[in-house]
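Everything below concerns the one structure shown next.
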Amino acid sequence: MRPRAVPGAFYWVCLVPLRGMYRWSGIMHEILWHGRGGQGVVLASEVLAEAAYLQGYRGVTSAPTFGPERRGAPLTASTRIDDEPIRTFSQIALADIVIVLDELLFGSVDIGAGLRNGGILIVNSARPPENFRLPDKPAARTASVDAAAIAREFRLTVGGAPVVNTPLLGSLARLWDRISLAGIERGLAFKMPPASAYNNYQAVRRAFEMTVVGDTRHEQT
């Protein structure tokens with residue numbers, strides 16, 4: 214079964230992969246997206262889910278975590294990816310990866326509470342990743358990218374505001390080898406009209422190149 218996505222609704226995929234496509238051992242990976250309504254948080258989660266499906270993963274889910282998307286209001290979306298069908302639909306408690314579309318959310322949301330120690334934190338910011346280290350998660354890897362500048366470069370704006378969701382998919386591919394740029398390109402092509410998919414993919418590639426990765430993870434002593 215493969216329902217098409219409905220904006221703001223639960224979206225899921227649970228399919229058998231094509232033979233020969235990339236797979237990994239059956240460990241479920243969980244990703245949390247933090248942003249604001251109007252930034253495309255849910256769409257980014259859905260594109261990632263589609264990219265994973267197109268790379269052959271059998272279990273993929275994507276869903277908004279907190280209510281409907283209202284412009285400017287804090288919003289969280291989640292993505293689960295597994296080599297086996299997913300039968301867990303609860304909210305994610307500790308994610309392997311947390312992606313933050315608006316760095317100002319650090320002032321109102323406990324971002325680190327949702328990231329497991331040893332996970333990956335990616336932030337849309339022109340500031341270096343060292344600014345986002347989490348004292349209580351010393352083994353976490355941090356990265357930052359000026360996704361807003363990249364969005365403006367490729368004219369990904371709504372009402373003059375940069376739409377940073379898809380560039381951050383490029384940052385994800387840079388830090389996490391489970392998802393490839395080719396998979397993201399195919400996911401964008403499935404979710405968007407051709408012209409939009411092309412521009413967004415160029416932004417994805419630029420973010421892949423421009424992402425700044427923090428120093429080697431700081432292990433607990």
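The sequence shown begins at 214 in this note's numbering and counts up one residue at a time.
Built from N, CA and C at the ideal position, the CB exists for glycine as well.
Note that this is a predicted model, so its numbers are computed, not measured.
Identify the continuous alpha helix (DSSP H) that holds residue i and give its terminal residues.
{"i": "I310", "result": "Element bounds for I310: not the alpha helix (DSSP H) but the beta strand (DSSP E), A308 to V313."}
{"i": "L245", "result": "Here L245 belongs to no alpha helix (DSSP H); instead the beta strand (DSSP E) covers H242 to R249."}
{"i": "T274", "result": "It is not in any alpha helix (DSSP H) - T274 instead sits in the beta strand (DSSP E) that spans G272 to P277."}
{"i": "P407", "result": "P407 to M423"}
{"i": "A286", "result": "Segment: none, A286 is in no alpha helix (DSSP H) and carries neither H nor E."}
{"i": "S208", "result": "Missing from the structure shown is residue 208; the chain here goes from 214 to 434 and no further."}
{"i": "G400", "result": "L394 to K404"}
Less than 9 angstroms separating the beta-carbons of residue i and residue j?
{"i": "R293", "j": "I244", "result": "yes"}
{"i": "A290", "j": "A257", "result": "yes"}
{"i": "A386", "j": "F421", "result": "yes"}
{"i": "G320", "j": "K350", "result": "no"}
{"i": "S275", "j": "A262", "result": "yes"}
{"i": "V260", "j": "G400", "result": "yes"}
{"i": "A352", "j": "L334", "result": "no"}
Assuming residue i and residue j are in contact, meaning their beta carbons sit under 8 angstroms apart, how far apart are those beta carbons, in whole angstroms?
{"i": "N337", "j": "V371", "result": "The pair is not a contact, with the Cβ atoms about 15 angstroms apart (cut-off 8 angstroms)."}
{"i": "D295", "j": "R271", "result": "7 angstroms"}
{"i": "G396", "j": "L267", "result": "6 angstroms"}
{"i": "E343", "j": "R419", "result": "Not really, about 22 angstroms apart at Cβ, beyond 8 angstroms."}
{"i": "G180", "j": "A356", "result": "The question about residue 180 has no answer here: the residues shown for the chain are numbered 214 through 434."}
{"i": "A416", "j": "L347", "result": "Not quite, the Cβ-Cβ distance comes to about 27 angstroms (not below 8 angstroms), so this is no contact."}
{"i": "P341", "j": "A364", "result": "Actually they are not in contact, since the Cβ atoms of P341 and A364 sit about 20 angstroms apart, beyond 8 angstroms."}
{"i": "A264", "j": "I392", "result": "6 angstroms"}
{"i": "P298", "j": "L288", "result": "Wrong, their Cβ atoms sit about 27 angstroms apart, outside the cutoff."}
Under the criterion of a Cβ to heavy atom distance below 8 angstroms, does residue i qualify as lining the ligand NAD?
{"i": "L347", "result": "As presented, the structure is devoid of all ligands, the ligand NAD included, so that no description of it is given."}
Counting Cβ pairs, one atom from each stretch, are 3 or more of them under 8 angstroms apart for the stretch 236-256 and the stretch 307-321? A contact exists between the stretch 236-256 and the stretch 307-321.
Is it true that the stretch 355-368 meets the stretch 399-406, where meeting means three or more beta-carbon pairs spaced less than 8 angstroms apart? Too few Cβ pairs lie closer than 8 angstroms, so no.
Complete beta strand (DSSP E) runs within the stretch 298-379 (minimum length 3 residues, chain order): The qualifying runs are 308-313, 328-337 and 354-358.
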